[in-house]
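A short worksheet on the structure shown next.
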Amino acid sequence: MIERHPKNAPGDWYVDTRCTDCGAARNVAPGLIVEQDGQSIFARQPKTKAEIAMAWRARLLCPTASVRTENRNEAPPGTFPEKLTEKVYRLGYNAASSYGAHSFLITRNGGNAMVDAPRWTKPVVKALEERRGLGLVLLTHQDDIADAERYAAHFGARVFIHQADRARAPFATDILTGREPTRIAEDLLAIPVPGHTKGSVAFLYDERCLFTGDSLAWSFEENDLAAWKDYCWHSWAEQTRSLARLLEFPFSFVLAGHGGSRELPQTEMRARLAALVERMKQE
Ligand SMILES: [Fe+2]
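Take the sequence shown: its letter number 268 is residue 268 in my numbering, and every next letter is one higher.
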């Protein structure tokens, strides 16, 4: 039974009561979709073209299909993949099996790379086929694997995961080890960031985009970088040290599995990360 949550703003768009509060819709429609009573709701109806695009993105990526509209229009073409910056896209179609984690696509000359995976769905397959397929699947950690195996098999892609998290991805072809960064390609660096899980890895693309899995995210509520102790499954002390180490690397865009993604001037990103690390030491 699909029921509209009563706290939604009146109008065409709403979130139903099956919402699992994964937060994914709020990450792509900040301010428009907000948390209320332990789930997402529409705080107001989308009006501008940009807001309507945000609502459609939320509808297509919600893992429980809880973002709904009473009109029967189809999503505008090009809703996903959503271009975030040069050669980097959000894939959408988040999987319930990864609790709604975001996944991304990098359209590289050396072969396209998927960071974590969406649910298996034809629109993503078509989008990849239109962009010369898929060469690499980069798994940030064991929680956000979703349908990575099926995408990798379909496109014949290599799959990277860290040794400590590999049990959940026995199909992986390339096992990262230890704590030292591994250069996957000239434009791709794997940086182990143990903490959230023992085998968490951040992937740095083009010395500007850092794919952080669930180790580091942008909080639209706090308007700042954030890490979550309540969702740290391995070691908060290690996660703190791992994030401190990220200060050694250049990046201006944080792209998160759970939580928001945000681009900032590199100096501001670095200062915010340093401040976050100091806050983490106090927790
Ligand atoms: Fe996770």
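Virtual Cβ for every residue (Gly too), placed ideally from N, Cα, C.
Check: Excluding the 5 residues flanking D144 on each side, which residues of the same chain have their C-beta closer than 6 Å to its C-beta?; Outcome: S98, A101, D116, G257
Check: Residues with a Cβ closer than 5 Å to any heavy atom of ligand 1, in chain order?; Outcome: D143, D214
Check: Determine the closest residue to R166 out of R183, G199, L134, with distance taken between C-alpha atoms.; Outcome: G199
Check: Considering only C-alpha positions, which residue in the set G133, A25, M280, A172 is nearest to S235?; Outcome: M280
Check: Going by C-alpha distance, which of M269, T69, F42, L176 is nearest L225?; Outcome: M269
Check: Compute the beta-carbon to beta-carbon distance between R72 and A29, rounded to the nearest angstrom, for a pair I have assumed lies under 8 Å.; Outcome: Contact flag wrong, Cβ pair sits at about 20 Å.
Check: Can you say whether A50 is buried or exposed, counting buried as having 16 or more other CB atoms within 10 angstroms of its CB?; Outcome: exposed
Check: Count the other CB atoms within 10 Å of the CB of E3; is the residue buried (16 or more) or exposed (fewer)?; Outcome: exposed
Check: Taking only the alpha-carbon atoms, compute the straight-line gap between E149 and E70 and give it to the nearest angstrom.; Outcome: 35 Å
Check: So for Q163, helix, strand or coil by DSSP?; Outcome: helix
Check: Please work out which residues of its chain come closer than 6 Å, Cβ to Cβ, to T107, disregarding the five sequence neighbours upstream and downstream, and give them in chain order.; Outcome: K87, R131
Check: Bridge partners of Q39, per DSSP?; Outcome: Q36
Check: May I have the straight-line CA-CA distance separating I52 from N8, to the nearest angstrom?; Outcome: 16 Å
Check: Return the chain-ordered list of same chain residues with a C-beta closer than 8 Å to the C-beta of W218, the five sequence neighbours on each side being excluded.; Outcome: D224, L225, A226, V254, A256, G259, G260, S261, R262
Check: Can you give me the C-alpha to C-alpha distance between L210 and V137, rounded to a whole angstrom?; Outcome: 15 Å
Check: Using 8 Å for Cβ pairs, my map puts G178 next to P192. What's the rounded Cβ distance?; Outcome: 7 Å
Check: Any idea what DSSP makes of L60, helix, strand or coil?; Outcome: helix
Check: Taking the Cβ atom as the reference point for each residue, do Q39 and C19 lie within a distance shorter than 8 Å?; Outcome: yes
Check: Please report the residue range of the alpha helix (DSSP H) in which R272 lies.; Outcome: 266-282
Check: Buried or exposed: E284, going by 16 or more other Cβ atoms within 10 Å of its Cβ?; Outcome: Nothing about residue 284 can be read from this structure; the chain reaches only from 1 to 283.
Check: Taking the alpha-carbon positions, what's the A164 to T17 distance?; Outcome: 37 Å
Check: Have a look at E180 and M114 and give me their C-alpha separation to the nearest angstrom.; Outcome: 22 Å
Check: Classify P76: buried if its beta carbon has 16 or more other beta carbons within 10 angstroms, exposed otherwise.; Outcome: exposed
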